[in-house]
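Just so we're aligned: 24 in full-length UniProt numbering is position 24 of the sequence shown, and the numbers increase by one with no gaps anywhere. Even for Gly, the Cβ is constructed at its ideal location relative to N, Cα and C. In what follows, a single structure is set out as structure tokens and then discussed.
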Amino acid sequence: MNDLSIIPLVTYRLQFNQHFTFNQASKLIPYFKDLGISHLYASPINKSQPGSLHGYDLIDITQLNPDIGTKEEFFLFTESLREMKMGLIVDFVPNHMCINEGNKWWNDVLENGLSSLYAEYFDINWTPLKPELNNKVLLPILDKQYGKVIDDQNLKIAFKQGAFFVQYHKKFYPLNPSSWVLILNLLVEHLKNNLECNQSQLSELESIVTALAYMPSILETDLEKRKERSREKEVIKKRLVKLIQHNPTILIDIHEVLKKFNVSEDCPPNYDNLEKLLNEQAYRLSYWRVTNEEINYRRFCDINELASMCVENESVFDKMHSWIFNMIKQNHVQGLRIDHVDGLFDPEQYFMRLQGKYKQLLGNYDLHEQKAFYVVIEKILIGNEKLRSHWLVHGTTGYDFLNLVNGVFVFTQHSEDFYQIYRNFTGSFQEIEEIIYQAKKLILSNFLSSELQMLSRCLEIIAEQHRWSRDYTFESLRSALIDIVACFPVYRSYIRFSDEIINPEDKVLINEAIKLAKKVNPASDLSVLNFVQDVLLFENPPGLNQKQIDDRKYFIMRFQQLSAPIAAKGIEDTFFYRFYPLSSLNEVGMKPGQFGIDVSHFHRINQMRLQNWPHSLLTTFTHDTKRSEDVRARINVLSEDPQEWNLMLNRWHKFNHLSQSELHQKELDRNEEYLLYQTLIGTWPIYEMDANALVHYCHRIELYMIKALREAKIHTSWINHQVDYENSVRNFIQRILSPDSLFLIDFKAWIPKIIKAGLFNSISQLILKITSPGIPDFYQGSELWEFSLVDPDNRHLVDYSSRPQLLQIIKQRSKEDLPKFIHQLVQNPEDGLIKLYVTSVLLNFRNGYFKIFQEGDYQPVEIIGNKSQHVIAFTRSISNMQLLVVVGRFFKNLTDISTILPINQVWDQTYLSISLPNGEAYRDILSGQTFEFESCQSISLSQLFSHFPFAVLLKE
1 MNDLSIIPLV
11 TYRLQFNQHF
21 TFNQASKLIP
31 YFKDLGISHL
41 YASPINKSQP
51 GSLHGYDLID
61 ITQLNPDIGT
71 KEEFFLFTES
81 LREMKMGLIV
91 DFVPNHMCIN
101 EGNKWWNDVL
111 ENGLSSLYAE
121 YFDINWTPLK
131 PELNNKVLLP
141 ILDKQYGKVI
151 DDQNLKIAFK
161 QGAFFVQYHK
171 KFYPLNPSSW
181 VLILNLLVEH
191 LKNNLECNQS
201 QLSELESIVT
211 ALAYMPSILE
221 TDLEKRKERS
231 REKEVIKKRL
241 VKLIQHNPTI
251 LIDIHEVLKK
261 FNVSEDCPPN
271 YDNLEKLLNE
281 QAYRLSYWRV
291 TNEEINYRRF
301 CDINELASMC
311 VENESVFDKM
321 HSWIFNMIKQ
331 NHVQGLRIDH
341 VDGLFDPEQY
351 FMRLQGKYKQ
361 LLGNYDLHEQ
371 KAFYVVIEKI
381 LIGNEKLRSH
391 WLVHGTTGYD
401 FLNLVNGVFV
411 FTQHSEDFYQ
421 IYRNFTGSFQ
431 EIEEIIYQAK
441 KLILSNFLSS
451 ELQMLSRCLE
461 IIAEQHRWSR
471 DYTFESLRSA
481 LIDIVACFPV
491 YRSYIRFSDE
501 IINPEDKVLI
511 NEAIKLAKKV
521 NPASDLSVLN
531 FVQDVLLFEN
541 PPGLNQKQID
551 DRKYFIMRFQ
561 QLSAPIAAKG
571 IEDTFFYRFY
581 PLSSLNEVGM
591 KPGQFGIDVS
601 HFHRINQMRL
611 QNWPHSLLTT
621 FTHDTKRSED
631 VRARINVLSE
641 DPQEWNLMLN
651 RWHKFNHLSQ
661 SELHQKELDR
671 NEEYLLYQTL
681 IGTWPIYEMD
691 ANALVHYCHR
701 IELYMIKALR
711 EAKIHTSWIN
721 HQVDYENSVR
731 NFIQRILSPD
741 SLFLIDFKAW
751 IPKIIKAGLF
761 NSISQLILKI
771 TSPGIPDFYQ
781 GSELWEFSLV
791 DPDNRHLVDY
801 SSRPQLLQII
811 KQRSKEDLPK
821 FIHQLVQNPE
831 DGLIKLYVTS
841 VLLNFRNGYF
851 KIFQEGDYQP
861 VEIIGNKSQH
871 VIAFTRSISN
881 MQLLVVVGRF
891 FKNLTDISTI
901 LPINQVWDQT
911 YLSISLPNGE
921 AYRDILSGQT
931 FEFESCQSIS
941 LSQLFSHFPF
951 AVLLKE
């Protein structure tokens, strides 16, 4: 095996865009190396929309994004990585592409319809429910109804570079070349009436018209005919360009003829010509509000600009992956992060193709290792859901670990207290399951109703195929689908078209969904639900032919592709913004209603990961998280003392509504007010803000709260902005954050102890991430304190200017007087040096002892004594080497926060229950202190925590 297949030791995510390029990243490689990073992990680097800040809106997946660097700059970047013995993992997006003007594949489909050589690339339903849309793509790009747009003269026919387009504002959409005949025939007549017309040029123009008339139509599906059309249309464009070059006055004549299609001041309206021309296109322009009901291309969730790709088609797969595999072959890329795998038609097939193509690159088809290339996937596992063991990937991007490690810093025993506080304050007593159900139904009915309609029609056709089910109406089938999808317990099942029997895991999921659907809607016709259940479980009635059986399998595949975005939009982008007793738990992959995680469960999952997915990423913060790791760690502190939280919550409410008018009392409802206070707690800056900083912070909170309100879709939404309500929320935030507000004065006096306890929560969480089974992953900038919220807040530029110097200061001061330096780190954690210190020390240690982390056994260590619930401990062992990891938690009420950690007495009467051989020496990697334990059954935490409230001890 060559170095292309090396498993990463530590990854660090970088967000590339026009403000952070390959050249800038190249200069930071020595810093990342010193930090202890083995692989940089890049956001998508293929060509995206110009100016994109994230890279997921790809318009050309076969070339590099010019915004972030040239090919030569990319190669210099990867060469610099290799010189430092580092690698590159790339975020790759196979599920969708942006279909704006720069996407040549999409433009070709618009220009040529079914006859386009790229028609099979995009997931388009060419025979939708509405007959008028047959063989057309619905383009919901108009800002008003179609008739109003035409009456307002906003659609124009334009000519450029030898082709005709329909222009809408600043965007151009290609016209079907066959339809140019309508324009060019008028041009011919116009030229014939021109006495100065050159006969040879007129003959050439007539010849072009004839060629267009005989060109294969946009409905042609024969491959050779499609190729012929593709060739001929480009030839014709060149002929038109050449004709104009020989006689530039023809361009004036073309614009004169276009007046017969375009309404202008000196030309009376002639809508017939324009509409006749538009009717001959392979697309239909429409008002954007009809999108959710009639759109006939599958999207990434509900984003019109992102069309789904048919990567299950092997030729499409090969074309989409040609560039990235070339980079892998040349050793510029050493691993892939695959985005949104739940949107794929057949994820398992996709993973097999990835690994198979890699083996082809190596020229070794008999390679024994099935997972020959490092691949992790963005797969959201809800609750106890497990990654499919037979998938040819190395694990997930780490949301499962994020929720696991975050959960152990939540005081689970206070669950009922918190829910009661939340209900009493907000007045909301709705059950969690009902909120989720209603949120998913909302998404199905209002945002992805077109996809639901197509799936319902597919099911209706299946029902018609057998006498047992033909009486089920379209509406009854649609209603059943809504309930089943809304009740689906995870994102999706993974049945394959080639399967003959249902996987037991999928069977459990489907049966659970049907059971819940019957429960939430007991008045419905249960026989309809039973019918859908039979279809989903391959329980076919007798007498079906192979075509009918395949229809059922196709329905299942499409069902799976619908349930995933409904879960994403319904839970992540709706439920999480409606229900939040402790908002730090509202994270991607969180099991709704689970208030924290027991330490025993944390250990058990770590052991399972070591056994099944030892190379899965361990993340605590990503570009998609709702809150940064440090924000969550601070909000978690609230769980330690629900009585105090209840006191402050109600006190602040009184402060902020005291002597206010009725108008002020309606500025935001109590549920939103609850979220606002927790958001302020989680993000409040560590250091005192001046007036300008406070204004900037206030603006950040306003932007976040408006996004949260729109995602909740109760008082406002992305589709219908309720401007008055949003402005009232902004006013409320500005008022309570004004320097003289009673709330702000009280809040600033109270928050310091929460901040300090949260900082040490963060460090303990960091240590668990670095030492648990898996590959620790770091999001850009998180080696120092980072208190950001959901995107775009978490995608801001990182200031790297001082970080290399800070790292060198840490190294120097550690050498000079480590005990003194550690004392200063603990006393002043606010400056972030403690986080950078722990990160760099442990990562470099991990790199030197990687075998104990990649292969070492994992065993929980029992804690006994009066502070046992404040400690998590485990060992990692291999051969004669052992690592003992011990971290504190729940710091707030241990003692006076100003002197919390150096006081050993805090940990008196608390011990690790672990048997150690007599005279064994352990060295604390963090403090440098050496411990020699006599033969004993327990270790005092007062001894271990004499410097830090955490320790990582190595016995060599």
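Near the ligand NAD: residue i beta-carbon under 7 Å from a heavy atom
i, result
"Ser428", "The model depicted lacks the ligand NAD and carries no ligand whatsoever."
Three-way DSSP call (helix, strand, coil) for residue i in this model
i, result
"Tyr173", "strand"
"Asp641", "coil"
"Val695", "helix"
"Leu953", "strand"
"Ser940", "strand"
"Phe165", "strand"
"Gly888", "strand"
"Glu786", "coil"
"Tyr674", "helix"
"Asn424", "helix"
"Met84", "coil"
"Met689", "coil"
"Ser230", "helix"
"Gly774", "coil"
"Ser927", "coil"
"Ser322", "helix"
Residues bridged to residue i (per DSSP)
i, result
"Asn844", "Beta-bridge pairing links Asn844 to no other residue."
"Lys47", "Asp60"
"Pro581", "Partner(s): none; Pro581 has no beta bridge."
"Lys329", "Answer is none; Lys329 lacks a bridge partner."
"Cys98", "Leu306"
"Pro860", "Phe874"
"Gln882", "Ser877, Lys955"
"Pro11", "It is Thr, not Pro, that sits at residue 11 in the sequence shown. Its beta-bridge partners are His39, Asp777."
"Ser913", "Glu862, Ser938"
"Phe933", "Glu920"
Residue environment, residue i, which counts as buried when at least 16 other CB atoms sit within 10 Å
i, result
"Trp718", "exposed"
"Asn326", "exposed"
"Pro30", "exposed"
"Ser927", "buried"
"Leu481", "buried"
"Lys769", "buried"
"Phe429", "exposed"
Among the options, the one whose alpha carbon lies nearest that of residue i
i, options, result
"Asn866", "Pro829, Gln909, Thr839, Asn828", "Gln909"
"Val588", "Asp624, His947, Val520, Ile767", "Asp624"
"residue 1030", "Thr875, Ile45, Ser938", "Any property of residue 1030 remains undetermined from this structure, which presents the chain solely from 1 to 956."
"Leu392", "Lys371, Pro66, Ile763", "Lys371"
"Tyr399", "Asn540, Phe945, Leu618", "Leu618"
"Tyr800", "Ser26, Gln355, Leu139", "Ser26"
"Ile208", "Glu220, His190, Ile218, Ser178", "Ser178"
"Ala307", "Phe821, Lys753, Trp106", "Trp106"
"Phe949", "Val885, Thr930, Thr249, Glu862", "In the sequence on display, residue 949 carries Pro and not Phe. Checking every option, the nearest Cα to that of Pro949 belongs to Val885."
"Met97", "Gly113, Leu789, Tyr121, Glu932", "Tyr121"
"Gly427", "Asp483, Met309, Leu336, Pro581", "Pro581"
"Leu182", "Ile435, Asn279, Leu114, Lys233", "Asn279"
"Phe345", "Arg496, Val188, Lys170, Gln413", "Arg496"
C-beta contact flag for residue i and residue j at 8 Å
i, j, result
"Tyr12", "Ile37", "yes"
"Val637", "Lys892", "yes"
"Val535", "Phe555", "yes"
"Leu737", "Leu766", "no"
"Met86", "His54", "no"
"Ile432", "Phe579", "yes"
"Met705", "Val729", "yes"
"Asp339", "Val93", "yes"
"Gln49", "Asn100", "yes"
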